[in-house]
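Numbering (UniProt numbering), first residue to last: 1 to 463.
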């Protein structure tokens, strides 16, 4: 099988990956970037066309402009970018098996950066698998990549800044936002001292969204959840209810919304599957998004020569990802014995603390309501691929199947086409809450190659 040699392999062309790759290439290293998407930039810089005009770029928030500057440097530099590429697995001696379009090959780098980002989490409810119910992130991807809207009117539900951003983008595209249903109270938005330090661009972005909501008279409903989505084959109606101070549904407070599109989301879960397969040590940090890759100060993982940056080290937003891309580059230069700035390293470490404080606020804001298990009807779907309900999980745990592996064997949890990417973050939180103890890393379902589907013929052709 063909093997390519490089100094550094960056998995993920989002903000962290772009910044790290550019800085390593500037120091003369041979760098390769892999990404599953057709264009580099990750979800944050997802766009309709390959480049933006100066006027279009000027209208974007600060982190987006910074990201595009690094994107231009990467595309104009001596960095090899491989779009539509997936890592099949990481093996001994840094051998990385890659599937790109119609071929499979190996890359043998000295160092690897895992900048694999995150995916959305959801608060399940009856009918959330109906066509017309979409994730807030999927809505943004659709708008950014096509310039179109799935419907003229939208209802938003969930928690966190992505809810505001999705509604704000929908208004810009000419859609009507029927209402924004916030799971938590308005007071939950209030940060602790220092948690929003160094988040000036985000605060300005939030002010812009608030101004848009006011001018369009968008209704906000706090401590409100969707309890059911109804429709005959397609979404037609959404039933909501208020929550009490303990987070339990208040019977008799139900409201109805006639809508054909509901955008919902409840924070993010780090994409740690590749790191887990490579043997990196994970840690459970609820205020950083759940299971994250544990790293040293220079963002090196527990595995020799593998580094991690961005959302996989904690859900913290664009500014944290930009900073960690630079910090990882310095850590990798140090590992290779290349010159690097101790002053810059120390400064970035100090700034990272501020971004981690913001991450705690962000993840507290997007956490499930305290009584979410109490509110969850038994017929709510948890695993959409295998049609596993909350009642199925409760019955299985009550019978002694109280680990993810036991549930996988008994119910086929996480064995569908998505391989658990949608259901496992929910199932892990469900299991931890139902048995009243957090999961340990050795309880997580194991990951093994191939991490993504690969045509068998491509593997055989390369033998």
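For each residue, glycine too, the CB sits at the ideal point set by N, CA and C.
Thinking C-beta only, is residue j closer than 8 Å to residue i?
i	j	result
residue 229	residue 117	no
residue 133	residue 451	no
residue 114	residue 274	yes
residue 437	residue 397	no
residue 382	residue 112	no
residue 40	residue 109	no
residue 147	residue 43	no
residue 279	residue 299	no
residue 181	residue 221	yes
residue 259	residue 225	no
residue 135	residue 122	yes
residue 219	residue 239	no
residue 445	residue 424	yes
residue 74	residue 18	yes
residue 16	residue 367	no
residue 186	residue 361	no
residue 359	residue 316	yes
residue 449	residue 89	yes
residue 202	residue 46	no
residue 227	residue 142	no
Exposed or buried, which one is residue i when buried takes at least 16 other CB atoms within 10 Å?
i	result
residue 91	exposed
residue 214	exposed
residue 28	exposed
residue 346	exposed
residue 96	buried
residue 374	exposed
residue 441	exposed
residue 465	For residue 465 there is no data in the structure shown, the boundaries of the chain being 1 and 463.
residue 208	exposed
residue 399	exposed
residue 464	The chain is shown only over 1 to 463; residue 464 falls outside these bounds and no answer can be derived.
residue 326	buried
residue 76	exposed
residue 343	exposed
residue 377	exposed
residue 1	exposed
residue 474	Nothing can be reported for residue 474, as the shown portion of the chain is limited to 1 through 463.
residue 270	buried
residue 78	exposed
residue 350	exposed
residue 85	buried
residue 223	buried
residue 304	exposed
residue 301	buried
residue 3	exposed
residue 234	exposed
residue 420	buried
residue 455	exposed
Have a look at the DSSP bridge pairing and note the partners of residue i.
i	result
residue 229	238
residue 269	119
residue 257	238
residue 95	91
residue 290	285
residue 446	Residue 446 pairs with nothing; no bridge assigned.
residue 74	Answer by DSSP bridge pairing: none, since residue 74 is not bridged.
residue 27	Partner(s): none; residue 27 has no beta bridge.
residue 439	Answer is none; residue 439 lacks a bridge partner.
residue 109	6
residue 103	100
residue 82	34
residue 135	264
residue 243	249
residue 114	11 and 308
residue 126	228
Please tell me whether residue i has its Cβ less than 8 Å away from any Cβ of chain B.
i	result
residue 413	Considering every chain present, this structure includes no chain B. It has just one protein chain.
Please list the segments of the alpha helix (DSSP H) lying wholly inside the stretch 299-344, counting only runs of 4 or more residues, in order along the chain.
-> Complete alpha helix (DSSP H) runs here, min 4: 318-335.
Counting only runs that start and end within the stretch 138-224, where is the beta strand (DSSP E) found for 3 or more residues in a row?
-> Taking only runs of at least 3 residues, the beta strand (DSSP E) segments lying wholly in the stretch 138-224 are 153-159 and 176-182.
Within the stretch 352-398, ranges of the alpha helix (DSSP H) (whole runs, at least 4 residues) | Runs of the alpha helix (DSSP H) inside the stretch 352-398: 372-375 and 390-398.
Any 3 or more C-beta pairs closer than 8 Å across the stretch 158-176 and the stretch 352-359 = Not touching, per the Cβ criterion.
Three or more C-beta pairs below 8 Å linking the stretch 248-263 and the stretch 366-381 = Counting C-beta pairs closer than 8 Å gives three or more between the stretch 248-263 and the stretch 366-381, which meets the contact rule.
Is the stretch 251-265 touching the stretch 190-210, taking contact as three or more C-beta pairs under 8 Å?
-> No, they do not touch.
Is the stretch 330-348 close to the stretch 215-228, with three or more CB pairs under 8 Å?
-> Result no; under three Cβ-Cβ pairs closer than 8 Å.
Is the stretch 277-293 touching the stretch 303-315 in the sense that three or more CB pairs, one from each, lie closer than 8 Å?
-> Contact holds between the stretch 303-315 and the stretch 277-293, because three or more Cβ pairs, one in each stretch, are under 8 Å apart.
Would you be able to state if there are at least three C-beta pairs under 8 Å between the stretch 19-39 and the stretch 65-85?
-> The stretch 65-85, when compared against the stretch 19-39, does touch it at the 8 Å Cβ threshold.
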